[in-house]
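Novice:
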Amino acid sequence: MSKLINPYIVVIQQDEVLETYRLKRIKIVNAEAKENVINKESNPHYLGCYADLKRSICNRITTKETPIKYSEGFCCSCNMATNIERQLHDCQGRSRFKHVIHTRNNYKDKFEIIINQIVDNITLDSDEVYDKRSSSTNQIRGGQNCENLKTPKYIDEPYRYHESSHCLQFSDLWYNINKLESASYYHSVTISVYEKYSKNDKPAYKKIISKVKLSTKNKNYKNKDSTMQTNFVALTFGDNQYYSLDVDRDRLLIPRKVPPIVEHQYPQAMTPKSI
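In the UniProt record's numbering, the protein residues as written are 1 to 275.
And the structure:
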């Protein structure tokens, strides 16, 4: 077995491994869309519920001048038959509930038959028909008192006054949803090589190469005298099972900027301060 007279010492410093993904923005979503209820008890200047675009009490929400569907809101009546009839009308074509009913089950025809039977057994003009699911005299969803039918004189359509308005309200925080694409690794190492020899019976070291960085992007090195050569060999993967994230399933949400006045409420949207 041969032995080097002057052995070499190789020092390898491994840097952190970076896993990177290309991002493709696919849509924008709100952090918290919720229902805001307005009725005759909550607002002393309440004029009634109007769910059409021209007269809606709700502030219609737009993104890039495009109105968001159903942000004009909807009404809840104390009359159960009225609510059922509206639900039936929704099922037949122009509804915020259409996609829910039609995609989650195939019982549309049976559902409409049942609703029609219920409507036939209830008088739509009766003010005495209330939502019996509630244990009190208040509307189960809107919260307005269904027994007190007193109407201010300035109200033109009394039935609207006794209905609650339900508006779509968005948070100030919005997120960009990004799809992950083209996963890849970046890895680097720093190499130094020294020759060990004896000088005056004491160990000494001669620098051959110092702090040469090799990586997945810079894989080869050769010194000027061509006496030393190093190669970086990276592992290659045939599929995505070795990556931390599933590019087909996982999505990355990036918060958008919020107005400065509410920035303190959303720390996730604040720009990190440099140290």
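Glycine is no exception: its CB is placed at the ideal position from the N, C-alpha and C atoms.
By the DSSP assignment, the alpha helix (DSSP H) with Arg249 in it spans what residues?
Specialist: Premise fails: Arg249 is in no alpha helix (DSSP H) and is neither H nor E.
Novice: Going straight from the alpha carbon of Arg86 to that of Glu163, what length do you get?
Specialist: C-alpha separation (whole angstroms): 13 Å.
Novice: Output yes or no for whether 7 Å exceeds the beta carbon distance between Glu181 and Arg22.
Specialist: Taking 7 Å as the Cβ cut-off, Glu181 and Arg22 qualify as a contacting pair.
Novice: Considering only C-alpha positions, which residue in the set Pro44, Val11 and Gln169 is nearest to Cys58?
Specialist: It is Gln169 whose Cα lies nearest to the Cα of Cys58.
Novice: Which runs of the alpha helix (DSSP H), 4 residues or longer, sit entirely within the region 179-238?
Specialist: Whole alpha helix (DSSP H) segments, 4+ residues: zero.
Novice: So, helix, strand or coil for His45, using DSSP?
Specialist: The answer is coil: DSSP assigns His45 none of H, G, I, E or B.
Novice: Quick one, which of Arg160, Tyr154, Lys153 and Tyr266 has its alpha-carbon nearest Cys146's?
Specialist: With distances taken between Cα atoms, Cys146 lies closest to Arg160.
Novice: For Tyr161, report the span of its alpha helix (DSSP H) as first-last.
Specialist: Tyr161 -> alpha helix (DSSP H) spans Pro158 to Tyr161.
Novice: My assumption, with CB atoms under 8 Å, is that Val29 sits in contact with Ile177. Please give the rounded CB distance.
Specialist: Right, their Cβ atoms sit about 6 Å apart.
Novice: Counting pairs of beta carbons, one from the region 187-204 and one from the region 12-19, are three or more of them closer than 8 Å?
Specialist: The region 187-204 vs the region 12-19: in contact.
Novice: Within the same chain, show all residues whose beta-carbon is closer than 6 Å to that of Leu46, passing over the 5 residues directly before and after it, in chain order.
Specialist: Checking the sequence shown, residue 46 turns out to be Tyr, not Leu. Cβ neighbours of Tyr46 beyond the five flanking positions: Lys40.
Novice: Suppose you measure from the CA of Leu252 to the CA of Gln139; what does that come to, to the nearest Å?
Specialist: Distance between the alpha carbons of Leu252 and Gln139: 41 Å.
Novice: Take the Cβ of His166 as the centre, count every other Cβ of all protein chains shown within 10 Å, and call the residue buried at 16 or more, exposed below.
Specialist: Buried, since its Cβ has 16 or more Cβ neighbours within 10 Å.
Novice: Count the other CB atoms, across all protein chains shown, that sit within 10 Å of the CB of Val17; report buried if there are 16 or more and exposed otherwise.
Specialist: Exposed, since its Cβ has fewer than 16 Cβ neighbours within 10 Å.
Novice: Based on Cα-Cα distance, which residue from Lys24, Pro44, Gln265 and Tyr8 lies nearest to Tyr154?
Specialist: It is Pro44.
Novice: Let me know the secondary structure DSSP gives Gln268 once reduced to three states.
Specialist: Reduced to three states, the DSSP call for Gln268 is helix.
Novice: With 16 other CB atoms within 10 Å as the buried threshold, where does Ile233 fall?
Specialist: Looking at the sequence provided, one finds Val at residue 233 rather than Ile. Counting Cβ neighbours within 10 Å, Val233 comes out exposed, since fewer than 16 surround it.
Novice: Can you determine whether any heavy atom of the ligand ZN sits closer than 6 Å to the C-beta of Cys58, and answer yes or no?
Specialist: Absence of the ligand ZN from the depicted structure is noted, as is the absence of any ligand whatsoever, leaving it without description.
Novice: Please list, in chain order, all residues of the same chain as Thr66 whose beta carbon is under 8 Å from its beta carbon, the five residues on each side excluded.
Specialist: Hits under 8 Å: none found.
Novice: Roughly how far, in whole angstroms, is the beta-carbon of Val37 from the beta-carbon of Gly143, given that I think they are within contact range, below 8 Å?
Specialist: That pair is a contact at about 6 Å.
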